[in-house]
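A.B. asks: What follows is a single structure, and I will ask about it in a moment.
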C-alpha cells in the first residue's frame with residue numbers, strides 16, 4: 003500500500019466514527035469499532051472491517067444496517083475527503099478475534115490431551131540454547 007492509500011484509509015477510518023456512533027446509539031449496539039480500512043491502489047474501493055461489542059443488537063443486524071446506510075455514510079465522508087470521487091465503501095465483520103479464540107482453544111485441547119496421555123510438552127531448541135549448553139559444558 004502506498005503512502006497516499008494509507009493516508010486515505012486513515013482518514014476514512016476517522017471520518018466513519020461519527021456515523022457509526024450514531025448507528026450504535028440508535029440500535030443499542032454497544033460499541034462499533036473500525037478494526038481496519040484497506041483502500042485499493044486506485045482509491046475507488048475502501049474495504050472496512052468492523053467489530054461489534056456488547057449491546058442488544060447482534061453484529062449481523064448492525065452490519066446490515068450499516069450496509070443499508072452505506073450511501074449516506076459515503077456521502078458524509080465524501081465532503082471531508084479531498085478526492086475526485088469518494089471510494090465505494092464495503093463493510094465486513096472482522097472475525098480475527100474469533101479465529102484467535104478458536105486457535106487458542108485447539109492449542110489448549112492438544113495440551114490437555116498430551117498431559118492426559120502422559121506426554122511431555124515439546125520443547126523447541128534454538129541455536130542460542132545449544133550455544134549456551136556448549137558454553138556451560140566447557141567451563
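In my numbering, the protein residues as written are 3 to 141. Don't be surprised by glycine CBs; every beta carbon is placed ideally from N, CA and C.
Alpha carbon to alpha carbon, what distance is there between residue 66 and residue 92?
C.D. replies: In the chain shown, counting from the first residue as 1, residue 92 sits at position 90. In the chain shown, counting from the first residue as 1, residue 66 sits at position 64. Near 12 Å, if we compare the C-alpha coordinates of residue 66 and residue 92.
A.B. asks: Could you give the residue range of the beta strand (DSSP E) that holds residue 35?
C.D. replies: As a position in the chain shown, residue 35 is number 33, starting the count at 1. Unbroken beta strand (DSSP E) run through residue 35: 33–41.
A.B. asks: From residue 25 to residue 116, what does the alpha carbon distance come to, in whole angstroms?
C.D. replies: Counting from one through the chain shown, the residue named residue 25 turns up at place 23. Counting from one through the chain shown, the residue named residue 116 turns up at place 114. About 47 Å.
A.B. asks: Distance check for residue 50 and residue 128, CA to CA, integer angstroms please.
C.D. replies: The count along the chain shown starts at 1 and reaches residue 128 at position 126. The count along the chain shown starts at 1 and reaches residue 50 at position 48. Here the model assigns residue 128 a pLDDT of 49, short of 50, so the residue's position is not dependable, and the following value carries that caveat. Near 40 Å, if we compare the C-alpha coordinates of residue 50 and residue 128.
A.B. asks: Give every residue of the same chain whose Cβ lies closer than 7 Å to the Cβ of residue 59, excluding the five residues on either side of it in the sequence, and list them in chain order.
C.D. replies: Counted from its first residue, the chain shown places residue 59 at position 57. Counting only Cβ-Cβ distances below 7 Å, and skipping sequence neighbours, we find 29, 30, 31.
A.B. asks: Residue 90 to residue 108, Cα distance in whole Å?
C.D. replies: The sequence position of residue 90 within the chain shown is 88, counting from 1. The sequence position of residue 108 within the chain shown is 106, counting from 1. Annotation: residue 90 to residue 108 spans about 38 Å, alpha carbon to alpha carbon.
A.B. asks: According to the neighbour-count rule (16 or more other Cβ atoms, all chains shown, within 10 Å of its Cβ), is residue 112 buried or exposed?
C.D. replies: Here residue 112 is taken as the residue at index 110 of the chain shown, counted from 1. Flag for residue 112 reads exposed.
A.B. asks: Could you check how far apart the C-beta atoms of residue 11 and residue 39 are, in whole angstroms? I think they sit under 8 Å.
C.D. replies: Taking the first residue of the chain shown as position 1, residue 11 is located at position 9. Taking the first residue of the chain shown as position 1, residue 39 is located at position 37. Yes, residue 11 and residue 39 are in contact; Cβ-Cβ is about 4 Å, under 8 Å.
A.B. asks: Based on DSSP bridge pairs, tell me the residues matched to residue 48.
C.D. replies: Within the chain shown, numbered from 1, the residue matching residue 48 stands at position 46. Its beta-bridge partners are 41, 91.
A.B. asks: So the alpha helix (DSSP H) residue 29 belongs to, where does it begin and stop?
C.D. replies: Here residue 29 refers to the residue found at position 27 of the chain shown. Residue 29 -> alpha helix (DSSP H) spans 19–29.
A.B. asks: Looking only at C-alpha atoms, which of 110, 47, 76, 64 sits nearest to residue 18?
C.D. replies: Along the chain shown, read from residue 1 onward, the residue named residue 18 stands at position 16. It is 76 whose Cα lies nearest to the Cα of residue 18.
A.B. asks: Pick helix, strand or coil for residue 53, following the three-state DSSP scheme.
C.D. replies: For the purposes of this step, residue 53 is taken as the residue at position 51 of the chain shown. Residue state, collapsed to three classes: strand.
A.B. asks: Less than 8 Å between the CB atoms is what I'm expecting for residue 43 and residue 7, so what's the real figure, rounded?
C.D. replies: By one-based count along the chain shown, residue 43 stands at place 41. By one-based count along the chain shown, residue 7 stands at place 5. Between residue 7 and residue 43 the Cβ distance is about 6 Å, and since that is below 8 Å, they are a contact.
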